[in-house]
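Numbering (the UniProt record's numbering), first residue to last: 1 to 225.
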């Protein structure tokens, strides 16, 4: 990304939000955004990351951890102002680690076989967060960023069992769908054939407080590649 191309975007801006792209060059692109914040005097920036980034368990997690380290490593450093720059305005980022987006549940539709949703949940639940809730959090931060400066937050909404997700798919996508528990190897093999996913994340037990932050002890990672 050529940083000068962002000049019109940052004109008159002192706070910004960046949706980290799904492309493989997400680290390079996000770093360019952060650098542009410094070039244009942006004091507050909200960056989206993922739950479990600090585990570095997959390339996916490693990329987001590299992004987080770069962002937080530049916190409190002065940004450049066009007028009256005395080095007193400093970069104050906020990182939002998100669980799987609820809307991604519908990505299961193309891989449904004979109306069955196959997932290795057993008696557990899958955690997710609604994109609209994430958007509301971002808006809240941008309106009054001082309360959230230089912090990292985990965003997790509801935990749903397989039958509830199947019901949601049936109603939302208007397709017949029932849930069936399978072993992880079955799902991994299916996803290798039908998707480009690199990692399947499954919550293995219920959380007493649905809004509580996700704990790594409650998560199993199945690596597809």
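Glycine included, every Cβ here is placed at the ideal spot set by N, Cα and C.
* **Residue from 42, 81, 58, 34 whose Cα sits closest to the Cα of residue 69** => If you number the chain shown from 1, residue 69 lands on position 69. It is 34.
Would you report the Cα separation of residue 129 and residue 98, rounded to the nearest angstrom?
In the chain shown, counting from the first residue as 1, residue 129 sits at position 129. In the chain shown, counting from the first residue as 1, residue 98 sits at position 98. Approximately 7 Å between the Cα atoms of the pair.
*Helix, strand or coil for residue 50 per DSSP?*
Numbered from 1 along the chain shown, position 50 holds the residue referred to as residue 50. Of the three classes helix, strand and coil, the one that applies to residue 50 here is strand, per DSSP.
Contact the segment 36-46 vs the segment 140-154: 3+ CB pairs below 8 Å: yes
Exercise. Is the beta carbon of residue 120 less than 8 Å from the beta carbon of residue 184?
Worked result: For this step, residue 120 is matched to residue 120 along the chain shown. For this step, residue 184 is matched to residue 184 along the chain shown. Cβ atoms of residue 120 and residue 184: closer than 8 Å.
Does the segment 125-143 come into contact with the segment 156-168, if we say contact requires no fewer than three beta-carbon pairs (one atom in each stretch) closer than 8 Å? yes
* **Spatial distance of residue 38 from residue 10 (CA atoms)** => Reading the chain shown from its first residue, position 38 is the one you call residue 38. Reading the chain shown from its first residue, position 10 is the one you call residue 10. Near 10 Å, if we compare the C-alpha coordinates of residue 10 and residue 38.
- Do residue 172 and residue 106 have their CB atoms nearer than 8 Å? For this step, residue 172 is matched to residue 172 along the chain shown. For this step, residue 106 is matched to residue 106 along the chain shown. Between residue 172 and residue 106, the CB-CB gap stays under 8 Å.
Note to self: With distance defined between alpha-carbon atoms, name the residue in 117, 77, 78 nearest to residue 163.
What the structure shows: Within the chain shown, numbered from 1, the residue matching residue 163 stands at position 163. Of the listed residues, the one whose Cα sits closest to residue 163 is 117.
Distance, residue 182 Cα to residue 202 Cα: Position 202 of the chain shown, counted from the start, is the residue given in the question as residue 202. Position 182 of the chain shown, counted from the start, is the residue given in the question as residue 182. Because the pLDDT of residue 202 is 42, which lies under 50, any placement of that residue in the model is unreliable, and the number read from its coordinates should be weighed accordingly. The alpha-carbon atoms of residue 202 and residue 182 are separated by roughly 13 Å.
- At 3 residues or longer, and completely inside the segment 37-106: list those beta strand (DSSP E) runs for me, N to C. 44-50, 92-98
Within its chain, find whatever has a CB closer than 6 Å to the CB of residue 179; leave out the 5 residues flanking it on each side and keep chain order.
Taking the first residue of the chain shown as position 1, residue 179 is located at position 179. Cβ within range, chain order: 117, 162, 163, 166.
How would you call residue 4, buried or exposed, if buried means at least 16 neighbouring beta carbons within 10 angstroms?
Within the chain shown, numbered from 1, the residue matching residue 4 stands at position 4. Counting Cβ neighbours within 10 Å, residue 4 comes out exposed, since fewer than 16 surround it.
Does the separation of the CB atoms of residue 87 and residue 93 fall below 8 Å? The residue you call residue 87 lines up with position 87 of the chain shown. The residue you call residue 93 lines up with position 93 of the chain shown. Between residue 87 and residue 93, the C-beta gap is not smaller than 8 Å, which leaves the two residues out of contact.
* Asked: With a CB to CB cut of under 7 Å and the five nearest residues on each side skipped, what residues in its chain are close to residue 71?
  -> Along the chain shown, read from residue 1 onward, the residue named residue 71 stands at position 71. Taking C-beta separations shorter than 7 Å and ignoring five residues to either side along the sequence, the partners of residue 71 in its chain run 34, 47, 93, 95, following chain order.
Review point. For residue 139, which residues does DSSP report across the bridge?
Key: Against the chain shown, residue 139 aligns to sequence position 139. DSSP lists no partner for residue 139.
Would DSSP call residue 119 helix, strand or coil? The sequence position of residue 119 within the chain shown is 119, counting from 1. Correct three-state label for residue 119: strand.
Do you know how far the Cα of residue 18 is from the Cα of residue 73?
-> In the chain shown, residue 73 corresponds to position 73, counting from 1. In the chain shown, residue 18 corresponds to position 18, counting from 1. Those two C-alpha atoms are separated by around 17 Å.
Inset, instruction - Pull up the distance between the alpha-carbon of residue 32 and that of residue 123, whole angstroms please. - result: Residue 32 sits at position 32 when you count from the first residue of the chain shown. Residue 123 sits at position 123 when you count from the first residue of the chain shown. If you take the alpha carbons of residue 32 and residue 123, they lie about 43 Å apart.
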